[in-house]
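Take a look at the structure below.
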Amino acid sequence: MITVILLMVIYMAFISLGLPDAVFGVAWPLIRTEWVMDLKAGGLIATVTTIGTVASSLLSGRLIAAFGEGKIAFFSTFLTAAALLGFGVAPHYGWIVFLAVPLGFGAGSVDTALNHFVATHFKAHHMNWLHACWGIGATAGPLVMAAVLIQTESWRAGFRTIAYIQFALAAVLLVSLPLWRKHQKGLASHEKEPAGVLTAREVFKTKGAPNAMLVFLFYCGGEYAMGLWGASYLFQFHGISLERAAQVVALYYGGITAGRLLAGAISFRLNNGQLIIAGFVVSGCGAVLLISGILPMPAFLLIGLGFAPVFPAMVHETLTRFGAQVSQTLMGYQFAAAYVGVATIPPLMGIALSGWGIQLFPFFIFLLILVQWNRVAAIKS
Numbered sequence: 003m004i005t006v007i008l009l010m011v012i013y014m015a016f017i018s019l020g021l022p023d024a025v026f027g028v029a030w031p032l033i034r035t036e037w038v039m040d041l042k043a044g045g046l047i048a049t050v051t052t053i054g055t056v057a058s059s060l061l062s063g064r065l066i067a068a069f070g071e072g073k074i075a076f077f078s079t080f081l082t083a084a085a086l087l088g089f090g091v092a093p094h095y096g097w098i099v100f101l102a103v104p105l106g107f108g109a110g111s112v113d114t115a116l117n118h119f120v121a122t123h124f125k126a127h128h129m130n131w132l133h134a135c136w137g138i139g140a141t142a143g144p145l146v147m148a149a150v151l152i153q154t155e156s157w158r159a160g161f162r163t164i165a166y167i168q169f170a171l172a173a174v175l176l177v178s179l180p181l182w183r184k185h186q187k188g189l190a191s192h193e194k195e196p197a198g199v200l201t202a203r204e205v206f207k208t209k210g211a212p213n214a215m216l217v218f219l220f221y222c223g224g225e226y227a228m229g230l231w232g233a234s235y236l237f238q239f240h241g242i243s244l245e246r247a248a249q250v251v252a253l254y255y256g257g258i259t260a261g262r263l264l265a266g267a268i269s270f271r272l273n274n275g276q277l278i279i280a281g282f283v284v285s286g287c288g289a290v291l292l293i294s295g296i297l298p299m300p301a302f303l304l305i306g307l308g309f310a311p312v313f314p315a316m317v318h319e320t321l322t323r324f325g326a327q328v329s330q331t332l333m334g335y336q337f338a339a340a341y342v343g344v345a346t347i348p349p350l351m352g353i354a355l356s357g358w359g360i361q362l363f364p365f366f367i368f369l370l371i372l373v374q375w376n377r378v379a380a381i382k383s
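All residue numbers in the sequence shown are consecutive under this note's numbering, ending with 383.
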C-alpha cells in the first residue's frame, strides 16, 4: 500500500516538474515586447535555466545520499515555486536571467533520481504514465497562463498564479515525507549489491552509449524548442493571437500527455524499440503538416503525440539494453546530454530564426526528428 501511495506522490512530483516548462515560451512574446528585446534573447533564459539543471544533476548523487528522494522532491518544487514567484515581480530582464538559475536547479536532482528509481523498480507502463504526468503539468502551464492573460493581460500575474500552484504541490510533498522513510525501510532488507560506478571513458567506450546520449540530446532540444518557439511561430508567421497560440502550445503538450498514457497501455503489446519508431513516424508526419502551413493546430498535436513515447522508452530501455553495471552511470550521462540539448539547441534555433526568419521553424523540427531516428538506428550497429 505504501508503494502505491508513494507512486502517486511521484506522479504528482512530475506534474510539478512539467508545470513551468512551457510557460516562459508562451509569455516571451509579451515580455520581449514590453522590454524591447530580440527574439533570440529568450534563448539565453533556456541556457541559464539548463546550467542550473546540469549543476544540480551533477550533484544529484550526493544530494540524494544525504537527504533522500523525498526531501529532494519537496525542496526542488519549493525552489521552483520561489523562482516563478520572482518571475512574477521581476522589474527587468536581468532578474529573469538571475532567477533562471534556481528555476533550473530545482528540476535537476529530482528529475534524474525519480527517473532512475522508476526505471529500476517499475515496469515500462509506469515510466510512460510517469512522464504523462509531466505532460499534464506542461499542458496545464500554458493554459493557466492563457487564462490569466485573457483576464488580466499580465504575464507577471500568470507567473505568480503558477507559483502559487507549485507552492501547493510542495506542501503535498512535505506531508508525504514519512511515506518515503517507510518505503526506504521496507526496501532495506531486499537491497541488492549496488552496481559499479564507471568512469567517463568506460561509459563512452560502451557500444551504443554515445548514440543513446545523442538521442537524448536531440530529442530534448527538439521538445523544448517546440514549447519555447512554438507560440512565437504561430504569433508572427500565422498571425494567431497570443492567447490562441498559448492554447495551441498547450495542445502540443496535451498530445505528449495523451500519447504517454496511450503508450503505457500499448507497452503491454509493443516493446520500447517499437514505441520509439512509431513515435518518430507520427511526429515526422506532424512536422510535414506544419511545413505545409495547413492546419497548424493538428500539426502541433501530432508532433506531441509522436514525441510522447521517445523519452520514457529510451529511459526504461537503458537497463535492458546496457545492463545494471552500465545503466546506473549511463542514466546520469543521458540526462546530462538531454540538458545540454535543452541548453544549446533552442538558443541556436532562436539565433537562426532571428536571422533567417521564423518560417523556418518547422524545417528545424523535422530535421531534429530525422537525426534522432538515425541515432536510434545506430545504437545497435
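Built from N, CA and C at the ideal position, the CB exists for glycine as well.
Computed from a predicted structure; not experimentally measured.
Classification of residue i by the beta-carbon crowding that lies within 10 angstroms, buried from 16 upward
{"i": "valine 283", "result": "exposed"}
{"i": "leucine 19", "result": "buried"}
{"i": "alanine 7", "result": "Position check: residue 7 holds isoleucine in this sequence, whereas alanine was assumed. Result: exposed."}
{"i": "valine 217", "result": "buried"}
{"i": "glycine 257", "result": "buried"}
{"i": "leucine 81", "result": "buried"}
{"i": "asparagine 273", "result": "exposed"}
{"i": "proline 298", "result": "buried"}
{"i": "phenylalanine 26", "result": "buried"}
{"i": "leucine 355", "result": "buried"}
{"i": "isoleucine 4", "result": "exposed"}
{"i": "glycine 106", "result": "buried"}
{"i": "isoleucine 296", "result": "exposed"}
{"i": "isoleucine 12", "result": "buried"}
{"i": "leucine 372", "result": "exposed"}
{"i": "glutamate 195", "result": "Residue confidence for glutamate 195 is low, a pLDDT of 46 falling below 50, so the modelled location carries little weight and cannot support an answer."}
{"i": "aspartate 40", "result": "exposed"}
{"i": "valine 112", "result": "buried"}
{"i": "threonine 226", "result": "Sequence check: residue 226 is tyrosine here, not threonine. So tyrosine 226 ends up on the buried side."}
{"i": "tyrosine 166", "result": "exposed"}
{"i": "glycine 266", "result": "buried"}
{"i": "valine 50", "result": "buried"}
Nearest-angstrom beta carbon gap, residue j and residue i [assumed within contact, 8 angstroms]
{"i": "valine 392", "j": "isoleucine 278", "result": "Any property of residue 392 remains undetermined from this structure, which presents the chain solely from 3 to 383."}
{"i": "alanine 126", "j": "serine 269", "result": "4 angstroms"}
{"i": "leucine 2", "j": "proline 314", "result": "Residue 2 lies beyond the range of the chain shown here (3 to 383); nothing can be said about it."}
{"i": "glycine 110", "j": "threonine 55", "result": "4 angstroms"}
{"i": "proline 311", "j": "glycine 281", "result": "4 angstroms"}
{"i": "valine 317", "j": "threonine 208", "result": "About 17 angstroms; that fails the 8 angstroms criterion."}
{"i": "leucine 253", "j": "leucine 303", "result": "5 angstroms"}
{"i": "proline 212", "j": "phenylalanine 220", "result": "Their Cβ separation, rounded to whole angstroms, is 13 angstroms, which puts proline 212 and phenylalanine 220 out of contact at 8 angstroms."}
{"i": "glycine 44", "j": "glycine 352", "result": "6 angstroms"}
{"i": "leucine 179", "j": "lysine 42", "result": "Not a contact, Cβ separation roughly 42 angstroms."}
{"i": "glutamine 238", "j": "isoleucine 152", "result": "With 8 angstroms as the limit, glutamine 238 and isoleucine 152 do not qualify as a contact, their Cβ atoms being about 20 angstroms apart."}
{"i": "glycine 223", "j": "leucine 370", "result": "7 angstroms"}
{"i": "serine 387", "j": "alanine 339", "result": "As displayed, the chain neither begins before 3 nor continues past 383, which places residue 387 out of reach and without an answer."}
{"i": "isoleucine 17", "j": "isoleucine 164", "result": "Incorrect: roughly 12 angstroms between the Cβ atoms, too far for contact."}
{"i": "glycine 90", "j": "arginine 34", "result": "Rounded, the Cβ-Cβ distance is 17 angstroms, inconsistent with contact."}
{"i": "threonine 79", "j": "leucine 171", "result": "6 angstroms"}
{"i": "leucine 61", "j": "leucine 244", "result": "In fact, because the Cβ distance is near 37 angstroms, the residues do not count as touching under 8 angstroms."}
Pick from the options that is closest to residue i, judged by C-alpha positions
{"i": "cysteine 287", "options": "Asn274, Gly308, Met299 and Leu101", "result": "Gly308"}
{"i": "leucine 65", "options": "Gly108, Gly45, Met147 and Pro31", "result": "Gly108"}
{"i": "tryptophan 231", "options": "Pro364, Pro93 and Gly110", "result": "Pro364"}
{"i": "methionine 215", "options": "Tyr254, Leu332 and Trp136", "result": "Leu332"}
{"i": "alanine 159", "options": "Ala170, Phe169 and Met147", "result": "Met147"}
{"i": "glycine 143", "options": "Val251, Phe124, Val177 and Ala227", "result": "Val251"}
{"i": "arginine 323", "options": "Val112, Leu32, Ala121 and Thr5", "result": "Ala121"}
{"i": "tryptophan 136", "options": "Gly343, Met316, Gln238 and Arg262", "result": "Arg262"}
{"i": "serine 156", "options": "Ala84, Leu41, Ala92 and Glu225", "result": "Ala92"}
{"i": "proline 349", "options": "Met228, Pro22 and Leu291", "result": "Met228"}
{"i": "alanine 15", "options": "Gln336, His123, Ala134 and Ala260", "result": "Ala134"}
{"i": "glycine 255", "options": "Leu9, Pro22, Tyr13 and Ser243", "result": "At residue 255 the sequence reads tyrosine, which differs from the glycine that was named. If we check each option's Cα against that of tyrosine 255, Pro22 comes out closest."}
{"i": "alanine 48", "options": "Leu101, Val11, Phe368 and Arg271", "result": "Leu101"}
{"i": "alanine 326", "options": "Leu41, His123 and Glu36", "result": "His123"}
{"i": "phenylalanine 368", "options": "Ser285, Cys222, Tyr335 and Ala173", "result": "Ser285"}
{"i": "phenylalanine 169", "options": "Leu86, Leu264 and Leu291", "result": "Leu86"}
{"i": "alanine 173", "options": "Ala75, Glu245 and Ala380", "result": "Ala75"}
{"i": "asparagine 130", "options": "Ala345, Leu264, Gln153 and His94", "result": "Leu264"}
{"i": "methionine 10", "options": "Trp182, Arg162 and Ala202", "result": "Trp182"}
{"i": "threonine 346", "options": "His94, Leu46 and Pro31", "result": "Leu46"}
{"i": "tyrosine 335", "options": "Ala247, Val290, Thr51 and Gly210", "result": "Gly210"}
{"i": "lysine 184", "options": "Val99, Glu71, Thr259 and His94", "result": "Glu71"}
{"i": "histidine 128", "options": "Glu319, Val50, Thr35 and Leu362", "result": "Glu319"}
beta-carbon residue i near the ligand FMN non-hydrogen atom, thresh 8 angstroms
{"i": "leucine 307", "result": "No copy of the ligand FMN appears in this structure; indeed no ligand is present at all."}
(message) What ranges does the alpha helix (DSSP H) occupy inside the region 48–135, keeping only unbroken runs of at least 4 residues that lie completely in it?
(response) Within the region 48–135, the complete alpha helix (DSSP H) runs of at least 4 residues are 62–69, 71–89 and 95–123.
Alpha helix (DSSP H) runs wholly inside the region 300–327, at least 4 long, in chain order: You should have 312–324.
Checklist entry - Of all the alpha helix (DSSP H) runs that stay within the bounds of the region 5–53, which reach a length of 4 or more residues? => result Whole alpha helix (DSSP H) segments, 4+ residues: 25–37.
| At which residue ranges does the region 203–237 contain complete beta strand (DSSP E) runs of 3 or more residues, listed in the order of the chain? | You should have found no qualifying run.
- Would you list, in sequence order, the uninterrupted alpha helix (DSSP H) runs of no fewer than 4 residues that lie entirely inside the region 227–291? Those alpha helix (DSSP H) runs which fall completely within the region 227–291 and span 4+ residues are 244–268.
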